[in-house]
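Everything in the sequence shown is counted per the working numbering, starting at 11 for the first residue and increasing by one.
Quick reminder that beta carbons are idealized off the backbone N, C-alpha and C, glycines included.
Nothing here was measured: the structure is a model prediction, and the numbers come from that model.
For reference, the structure discussed in these notes is given below.
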Amino acid sequence: MYGVALTDKQTLEYQQKTLPPLEHNEILLKVHAIGICGSDLRIFQHGDSRISLPRIIGHEIAGEVVELGSSISRFDIGDRVTLGAHIPCGVCVYCQKNQGHHCVKGHSMGYQVDGGFAEYVALPGTFVENGSIQKIAATTSYEQACLSEPFSCVLSGLQELQPEPGDTVVVYGAGAIGCMYIAALKRMGVAKVIVIQRSAPRRQKAIEAGADIVINPTSADTLQQVIKETNGQGADSIIITAPSPDAQNEALRLVKTTGSVLIFAGIKNQSSVPLNTNQIMYKQLRVIGTHGAPRASHVEAVKWIDQGLLDFDFFITHSFQLEETAKAFQTADSKEGLKCVVKPQE
11 MYGVALTDKQ TLEYQQKTLP PLEHNEILLK VHAIGICGSD LRIFQHGDSR ISLPRIIGHE
71 IAGEVVELGS SISRFDIGDR VTLGAHIPCG VCVYCQKNQG HHCVKGHSMG YQVDGGFAEY
131 VALPGTFVEN GSIQKIAATT SYEQACLSEP FSCVLSGLQE LQPEPGDTVV VYGAGAIGCM
191 YIAALKRMGV AKVIVIQRSA PRRQKAIEAG ADIVINPTSA DTLQQVIKET NGQGADSIII
251 TAPSPDAQNE ALRLVKTTGS VLIFAGIKNQ SSVPLNTNQI MYKQLRVIGT HGAPRASHVE
311 AVKWIDQGLL DFDFFITHSF QLEETAKAFQ TADSKEGLKC VVKPQE
């Protein structure tokens, strides 16, 4: 088969690779669509301590079951499926609480094992047993299905945040994740979504995703405008999808007393971020971190996609063939659109 391996920082190589025979508890998937995640870009640019090179990365995977290990009984050849990212061990304290995304081993597709930027991907036995492999509807495209993993992370964040109909929610960032949050919030009945975004093309995408108000922080007083739009109270909730220390600090001022702040994006290459904890205490704020998604959120994400609860095609702005993966990464890094998807069978 052919795959695209990360062989060094900022180096992707299109190469031929021989797949080893399947173990009795493994599944071989023909990859039809694989999305580029922000974490893939960070791995490409900076490396990751969990990854030994060369490695085929990528975890936003949708494909077709083409071979089954001898002990596999709950899947059939030809099943159309989409995957979660995490490889839970199944035995640690978090796995026992159905929080496999926090498994102490920290294994994921495309990290310790090869991922989806390839014609085929072998699913390890531990992943088959404990991970999330969900069948998709005949009406769901593979391109839509590969969004199930990032959208499951969005749903997991919303489960933690618990926004209510009638709320005003501020979203920092209008990339693919930010726009998924915008669209999901409006679908859930949130009254007003205010988006803070510097990039003009992404401000337009935010509007198309359903944002009620879009603020350009380079030309407007963000605090003043949010206070004005919330009758002087501040936002009920704030979601930070941009990896910005300034956004994290500003959010504490934009949110109302007793409000909630959800931090979705981590700050890379920075050991600490100063925060005014007096804001958290005196305003009695709920500050929540969210990372990854449990299987339940992935199951729910597939339901949203299968039932067409959002226009998931909207989030896919660029598609590439497998041999164009390096170009796909350049496009994703340029922030020209939202989600870049590679289709290895084309």
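| query | result |
| --- | --- |
| Through-space distance from residue 208 to residue 95, alpha-carbon basis | 30 Å |
| N- and C-terminal bounds of the alpha helix (DSSP H) containing residue 191 | 186-197 |
| Bridge partners - residue 145, DSSP secondary structure assignment | 91 |
| Integer Cβ distance of residue 225 from residue 206, believed to fall under 8 Å | 5 Å |
| Touching by the beta-carbon criterion (3+ pairs, under 8 Å), the stretch 262-281 and the stretch 293-309 | yes |
| Residue closest to residue 20, alpha-carbon to alpha-carbon, out of 26, 56 and 354 | 56 |
| Buried or exposed by the 16-neighbour rule on C-beta atoms within 10 Å, applied to residue 144 | buried |
| Euclidean distance between Cα positions of residue 170 and residue 33 | 38 Å |
| Euclidean distance between Cα positions of residue 77 and residue 88 | 9 Å |
| Supposed contact pair residue 44 and residue 79 - C-beta distance, whole angstroms, cut 8 Å | Between residue 44 and residue 79 the Cβ distance is about 22 Å, and since that is not below 8 Å, they are no contact. |
| Local Cβ density within 10 Å of residue 323, reported as buried at 16 or more and exposed below that | exposed |
| Nonlocal neighbours in the same chain, by C-beta distance under 8 Å from residue 335, ignoring five residues either side | 14, 22, 24, 127 and 352 |
| Helix, strand or coil at residue 74 according to DSSP, with G and I counted as helix | strand |
| Three-state class that DSSP yields for residue 218 in the structure shown | helix |
| Rounded Cβ spacing between residue 185 and residue 267 (contact assumed at less than 8 Å) | Actually they do not touch by this definition, with Cβ atoms about 30 Å apart. |
| DSSP state of residue 56 mapped onto helix, strand, coil | helix |
| Cβ-Cβ distance between residue 162 and residue 303 below 8 Å | yes |
| For residue 292, the three-state DSSP class (helix, strand or coil) | helix |
| Anticipated Cβ contact below 8 Å, residue 376 with residue 173, distance rounded | It is not possible to answer for residue 376, since the shown part of the chain is limited to 11 through 356. |
| Nearest-angstrom beta carbon gap, residue 325 and residue 54 [assumed within contact, 8 Å] | So it is not a contact: roughly 21 Å between Cβ atoms. |
| Cβ of residue 93 within 8 Å of any chain B Cβ | Among the chains in the structure shown there is no chain B, since it carries only a single protein chain. |
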